[in-house]
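Have a look at the structure below before the remarks.
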Amino acid sequence: MSRKRVPGIGARTVTESFGVILAGGLARRMGGGDKPLRLLAGRPMLDHVIARIGPQCAALAINANGDPARFAAYGLAVLPDTLPDHPGPLAGILAAMETSPLPWVITVPGDSPFLPLDLVARLHAAREAAGTPMACAASGGFTHPPIALWPRELAAALRAAITAGERKIDRWTARHGVAVAEWPDAPHDPFFNANTPEELAEAALLLLRQGVWP
């Protein structure tokens with residue numbers, strides 16, 4: 002699938018990055034079901050996520066369990082967890098790393114419709130500057146561990162950690178080294194995620210008031 006170029010995104014960054022949208026959560030606070038398919042401003046929230054992260058990557062896929070047919074309209078590969086019993090977001094990250102055709106994986110949640118258009122470039126830059134194998138996003142002084150850059154070569158180490166009982170992203174990345182790329186959280190937080198119906202309504206207001214779509 003071809004990707005339009007985004008100003009400020011280097012060609013090497015795009016060609017080496019495999020983007021994976023994490024959509025495997027159970028969405029309990031949203032009443033269950035597929036949270037990324039909830040409507041936001043008349044379109045599935047997943048549409049907004051794809052519009053922002055897609056142009057920054059050479060290829061894009063969705064991590065989700067269950068029947069992949071519900072995502073068929075997007076024409077993207079659907080990657081199920083490669084470990085049983087859905088052991089949390091690390092399992093989705095592992096699935097992305099183990100199936101990536103490219104050396105670098107970018108993961109983002111399926112409920113974050115305002116992702117920065119320079120996310121991939123800045124994560125790569127932060128990692129290179131710090132000399133670490135990974136980088137994650139931050140805003141307003143808070144890190145967002147699932148929004149991160151991962152090297153495919155650490156897939157075996159991650160599988161071993163999850164099998165041994167590890168479930169926390171930031172604890173695992175800290176053991177290997179992770180850089181942080183910081184964004185301002187005003188006038189809106191680019192990593193705002195809609196976990197509840199109220200937050201989904203708030204996201205719709207942001208789209209209306211601040212014109213951040215796409």
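As numbered in the numbering used here, residues 2 to 215 make up the sequence shown, in order.
Don't be surprised by glycine CBs; every beta carbon is placed ideally from N, CA and C.
Confirm, please, whether the CB-CB distance from residue j to residue i is below 7 Å.
i, j, result
"Ala-59", "Val-15", "yes"
"Thr-83", "Ala-97", "no"
"Leu-61", "Gly-67", "no"
"Thr-100", "Leu-124", "no"
Measuring straight from C-alpha to C-alpha, what distance separates residue i and residue j?
i, j, result
"Gly-216", "Pro-117", "The chain is shown from 2 up to 215; residue 216 falls before or after that span and cannot be answered."
"Pro-134", "Arg-128", "7 Å"
"Gln-57", "Pro-110", "15 Å"
"Pro-146", "Ala-138", "7 Å"
"Trp-151", "Val-106", "5 Å"
"Pro-85", "Leu-95", "12 Å"
"Gly-43", "Ala-136", "33 Å"
"Ala-251", "Arg-210", "Residue 251 cannot be examined here, being either before or after the span of the chain that is shown, 2 to 215."
Over the uninterrupted beta strand (DSSP E) stretch that includes residue i, give me the two end residues.
i, result
"His-219", "Absent from the structure is residue 219, since the part of the chain shown begins at 2 and ends at 215."
"Thr-108", "105-110"
"Tyr-138", "The question names Tyr, but residue 138 is Ala in the sequence shown. Its beta strand (DSSP E) spans residues 135-140."
How many whole angstroms separate the CB atoms of residue i and residue j, which I take to be in contact at a CB cut-off of 8 Å?
i, j, result
"Val-181", "Thr-144", "6 Å"
"Phe-115", "His-189", "6 Å"
"Leu-103", "Ser-18", "6 Å"
"Pro-90", "Ile-170", "6 Å"
"Gly-25", "Ala-65", "5 Å"
"Asn-194", "Ser-113", "5 Å"
Just to confirm the assignment, what range does the alpha helix (DSSP H) spanning residue i have?
i, result
"Ala-157", "156-164"
"Glu-129", "120-131"
"Ala-175", "170-177"
Whole alpha helix (DSSP H) runs in the stretch 22-96 with 4 or more residues, listed along the chain?
Entirely contained in the stretch 22-96, the alpha helix (DSSP H) runs reaching 4 residues are, in chain order, 46-54.
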